[in-house]
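In my numbering, the protein residues as written are 1 to 464.
A short worksheet on the structure shown next.
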RNA sequence: GGGCCUGUGGGGUAGCCUGGUCUAUCCUUUGGGAUUUGGGAUCCUGAGACCCCAGUUCAAAUCUGGGCAGGCCCA
């Protein structure tokens, strides 16, 4: 896509998703249409989590300084980007309060009160909250925010290392399915030591590639081992009557998912929304002519009711503007299916359908409407996913090298690929390459170690 | 972290260099009305802006400083 950056900000505004004009850097407003996309997206995520035994909770925004600072490695990872509440009215506070950059410390403080014996485990909870990071530069709407308005964070505690390990697997499955539902292709990799979540034993991350060829992290899963449970004293009585610290995991998804839905599927005409998160799945446009208004309006209502009955999110655009204008309006907003209702069609007992993903327009028999629409929404979701996957493949380059190839040559080739084609370069794993030194030389990020077609690779790309 | 650039109706812009003519341009948006309506209609009529604070000056959208906000480049 030519100039993705510009396209992206324009689409946020014109499709009424998110208003960037709020007068604080890195803070904006979800508009009704954007908020609905967000809500349907979260509905999917909530469903997946709850199917697997997670329960939703809600923790305070404020975290006292001593709590936040308790886990040494963790706080080091965040200390330069924490917002602090220092005053209550005019009085300075005795203990500064942080606006949560993430909630590990708050949640684990409480977990201590909840966990006594192995029967209290596992605990699997999640919340959807706002979090704060004082980004000094390069904030971007929904991608790099100071107030992350949507942070779904799940936290689990387990009696054994093995259970925690399994939980990591479950979390990966959940996210894999989540992104599948949204038609967002991902590369899953284990982050390098030097880039893992502060306080974690290891981090598994989900990345996708935006139309400008840059890589963006859109989900993370962390195995915390006993790092936090030791500092927060999350001790419990084991089955055998001994004592042990719990084994923990946490995993998160943010506003970047919404950004990805927009970026991955959109085209020159605007958004293309996956049917399962589209606020309006079908829009009916009545084509009104003098003398034939009523018959068209009645038919539109009739179709509206039929579709409503089968649970489709459908609207009739009754505004008094030209149909062409309406077409553009709803195409910009990514509505998957449009139905045009005009006098000719009514006479012929047919309905005209338009699908946003391919731009195809066709007629069906009126009586087939219910089945066809349900099926079409299904086909659109599938087609969008396949198209996105195809594009992602085009952004992945396998780089092979021989035993005696020098590091310098590999660096040179990686740089060239990233310059020309961008995206992700996969290099067969080697310890010689998997280090910060190499990362520095290629002037890009080592995303981590990933499996691809059965092989073990180091993934490299320029990130957001 | 270092450097550069920008801020004019809801959005995009002209004007700024060379202060006065700005009662601020054009496109889009938007309220009302009429004729229209199978891919962004037309006409009539209305609405809407110089980021904030200080300074220079008889006079500031225009010059200076700071703040806030946005964008770009390099590490």
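Ideal Cβ placement from N, Cα and C applies to all residues, glycine included.
Here the alpha carbon of residue 104 sits roughly 8 Å from the alpha carbon of residue 155. In this structure the segment 216-236 lies against the segment 117-127, because at least three pairs of beta carbons, one per stretch, are closer than 8 Å. Remark: C-beta atoms of residue 279 and residue 8 do not approach each other more closely than 8 Å.
The bridge partners DSSP lists for residue 244 are 236.
Along the length of the segment 21-109, whole beta strand (DSSP E) runs at least 3 residues long occupy 62-64, 83-88 and 91-99, reported in chain order. Taken in chain order, the complete beta strand (DSSP E) segments of 3 residues or longer contained in the segment 143-221 are 147-158, 187-190 and 202-209. Taking a C-beta distance under 8 Å as the contact criterion, residue 376 and residue 337 qualify as a contact pair. Going by DSSP, residue 344 is part of the alpha helix (DSSP H) stretching over 343-348.
The beta-carbon separation of residue 276 and residue 30, rounded to 19 Å, does not stay under the 8 Å limit for a contact. Using a Cβ-Cβ distance cut-off of 8 Å, the segment 188-207 and the segment 215-234 are in contact, since at least three pairs of beta carbons, one from each stretch, lie closer than that value. Restricting attention to beta strand (DSSP E) runs no shorter than 3 residues, the segment 321-387 encloses them at 337-341, 350-355 and 361-365, ordered along the chain. The segment 83-98 makes no contact with the segment 208-216: fewer than 3 CB pairs, one atom from each, lie closer than 8 Å.
For the segment 245-306, the continuous alpha helix (DSSP H) assignments of 4+ residues that do not extend past its boundaries occur at 256-265, in sequence order. Per DSSP, residue 127 is one residue of the beta strand (DSSP E) stretching across 123-132.
Excluding residues up to 5 positions away in sequence, 357 lie with their Cβ nearer than 6 Å to the Cβ of residue 383 in the same chain. Under DSSP, no beta-bridge partner is assigned to residue 435. In this structure, 301 is the residue among 301, 306 and 308 with its C-alpha nearest to the C-alpha of residue 317. Assignment of residue 119 by DSSP, reduced to helix, strand and coil, places it in the helix class.
When C-alpha distances from residue 65 are compared across 48, 403, 412 and 109, the shortest belongs to 109.
Going by beta carbons, residue 180 and residue 125 fall outside the 8 Å limit. Residue 326 is classed as buried because its beta carbon has at least 16 other beta carbons within 10 Å across all chains shown. In this structure, DSSP gives residue 418 a helical state, which the three-state scheme calls helix. When 364, 251, 96 and 319 are compared, the shortest CA-CA separation from residue 157 is found for 251.
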